[in-house]
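J.:
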Ligand SMILES: O=C(NCc1ccc(CNCc2ncc[nH]2)cc1)c1csc2nc[nH]c(=O)c12
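This is the structure:
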């Protein structure tokens with residue numbers, strides 16, 4: 032999966048994808064992430080990338096011409112162009128999983144008050160937001176999406192781990208985690224985890240995950256119960272349907 036990010040701050044992107052799981056994925060060629068600045072495509076002495084908005088209003092708007100040149104430099108026929116914007120659809124695990132199946136993603140990161148609408152009309156396939164709060168640009172949005180989608184690329188997570196088991200993919204929050212020492216701050220590790228009985232440990236984790244979700248995210252819990260009930264009913268139906 033190839034990702035090209037169009038941004039006025041390429042170092043923000045390059046820095047963030049050179050650490051940890053993402054860094055490893057890029058190093059092992061499971062994912063390629065490159066940043067391109069529209070400033071490269073300016074011709075004036077001051078390398079201008081923004082201008083005042085028609086119709087007034089405070090804030091500046093990113094100029095269309097440098098963006099057009101940058102997009103056309105990286106675009107090819109299978110590219111999906113995503114504009115990070117507060118007006119976009121809000122990111123979730125399902126969207127990240129969808130994006131991980133693409134061949135080529137181009138993320139356009141706005142700064143100032145946003146970009147010229149003609150660029151959105153001509154090149155953008157979809158707009159994406161990472162939540163209902165105001166940020167100073169699209170770069171963090173691009174990085175959040177890249178991190179979330181990378182986990183769905185086979186080989187990015189260690190063997191055995193998988194994005195499917197991530198809490199937002201199976202619908203429940205994770206149980207509490209412990210490592211050495213066995214006793215710390217006067218608190219012991221739950222006995223069941225220290226045993227070795229994987230069946231009992233698995234049952235404990237499922238039960239505690241459900242309890243944690245019920246307590247911290249009752250909305251997720253209700254959805255989980257609904258999904259599990261539907262699964263159970265369709266199972267029962269299949270059994271009774273068969274002669
Ligand atoms: O580029 C992003 N933000 C920069 C930014 C912030 C505010 C405005 C102007 N809009 C305010 C307004 N409306 C009406 C009048 N004034 C435009 C652009 C961004 C990308 S993804 C994302 N996800 C969550 N939040 C975000 O801000 C983002």
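Numbering (my numbering), first residue to last: 32 to 274. We put the beta carbon where it would ideally sit given N, CA and C, even for glycine. Keep in mind the model is a prediction, meaning the values are calculated, not measured.
(1) Hey, could you find the ends of the alpha helix (DSSP H) residue 178 is sitting in?
(2) Please confirm if the segment 72-80 is in contact with the segment 123-134, defined as three or more CB-CB distances below 8 Å between the two stretches.
(3) Closest by CA to residue 111, which one among 34, 253 and 254?
(4) Taking C-alpha atoms, which residue in 95, 61 and 88 lies nearest to residue 189?
(5) Residues in the same chain with beta-carbon distance under 6 Å from residue 56, minus the five sequence neighbours each way, listed in chain order, please.
(6) Once you ignore the five residues that flank residue 243 on each side, which residues in its own chain have a CB closer than 6 Å to its CB?
(7) Who pairs with residue 115 in a beta bridge, going by DSSP?
(8) Under 8 Å by Cβ, that's how I've got residue 147 and residue 94 pegged, so tell me the actual separation to the nearest angstrom.
(9) Please name the residue or residues paired with residue 120 in a DSSP beta bridge.
(10) Cβ of residue 97 within 7 Å of any heavy atom in ligand 1?
T.: Taking the geometry as given:
(1) 170-181
(2) With a cut-off of 8 Å, the segment 123-134 and the segment 72-80 do not count as touching, because too few Cβ pairs lie within range.
(3) 34
(4) Comparing Cα-Cα distances from residue 189 to each of 95, 61 and 88, the minimum goes to 61.
(5) 62, 181 and 187
(6) 204
(7) Per DSSP, the beta bridge partners of residue 115 are 140 and 159.
(8) Right, the Cβ-Cβ distance comes to about 7 Å (below 8 Å), so this counts as a contact.
(9) Beta-bridge pairing links residue 120 to 159.
(10) no
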